[in-house]
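Everything below concerns the one structure shown next.
Residue numbers (this note's numbering): 3 to 150.
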């Protein structure tokens with residue numbers, strides 16, 4: 003793959019151009035990265051301290067009762083939003099619904115294996131397994147297989 007650099011005179015001219023024969027998963031990842039680099043989400047530690055975490059580092063979200071938690075490779079944070087709100091906000095990050103109570107960042111899925119009745123188990127990069135219910139399994143597999 004060729005990489006071309008060009009200096010421009012003004013910030014308005016800055017940007018990235020992708021040239022491709024076939025739109026692949028890799029090009030989509032590059033586009034999503036460029037569009038969303040640096041975006042963060044306000045989350046809360048167990049000590050109720052408010053911090054910003056990069057959205058690209060979030061593995062998955064889980065609703066437990068009235069609370070929503072986000073999981074990174076190293077930490078668990080509370081989020082002050084509902085899952086449906088996060089799902090709408092984070093669509094461009096390829097964070098998809100896995101079940102009624104879970105949103106999964108497909109960039110952090112290490113492997114997928116079938117479960118009973120059309121469900122799936124998604125093994126995350128941190129080793130956790132997330133159950134993907136039947137109603138969301140088809141879209142999840144389509145998104146994972148896109149561009150392969």
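Note that CB positions come from ideal geometry on N, CA and C, so glycine has one too.
Identify whether residue 65 lies in helix, strand or coil by the three-state DSSP scheme.
Note: residue 65 maps to strand in three-state DSSP.
Can you check the stretch 30-97 for any alpha helix (DSSP H) of at least 4 residues that lies completely inside it and give the ranges in chain order?
85-91
According to DSSP, simplified to helix, strand and coil, what is residue 125?
strand
What did DSSP end up calling residue 18 once you bin it into helix, strand or coil?
coil
Can at least three beta-carbon pairs, one atom from the stretch 4-22 and one from the stretch 41-53, be found at a separation below 8 Å?
In the pairwise beta carbon analysis, the stretch 4-22 is classified as not touching the stretch 41-53: fewer than three pairs are separated by under 8 Å.
In angstroms, rounded to a whole number, what distance separates the CA positions of residue 48 and residue 74?
Residue 48 and residue 74: Cα-Cα distance of roughly 14 Å.
By how many angstroms is the C-alpha of residue 26 removed from the C-alpha of residue 150?
Residue confidence for residue 150 is low, a pLDDT of 45 falling below 50, so the modelled location carries little weight; the figure read from the coordinates is stated next. Approximately 7 Å, taken between the alpha carbons.
Just how far apart, CA to CA, sit residue 125 and residue 66?
20 Å
Look at residue 145 and residue 111 and say whether their C-beta atoms are less than 7 Å apart.
Cβ atoms of residue 145 and residue 111: not closer than 7 Å.
Beta-carbon separation of residue 85 and residue 97 under 7 Å?
No, they are not a contact pair.
By a C-beta neighbour count over all protein chains shown, 10 Å radius and 16 as the cutoff for buried, is residue 35 buried or exposed?
exposed
Hey, would you say residue 136 sits closer than 7 Å to residue 121, going by beta carbons?
yes
Could you tell me if residue 99 is buried or exposed, where buried requires 16 or more neighbouring beta carbons within 10 angstroms of its beta carbon?
It is buried - the Cβ of residue 99 has at least 16 other Cβ atoms within 10 Å.
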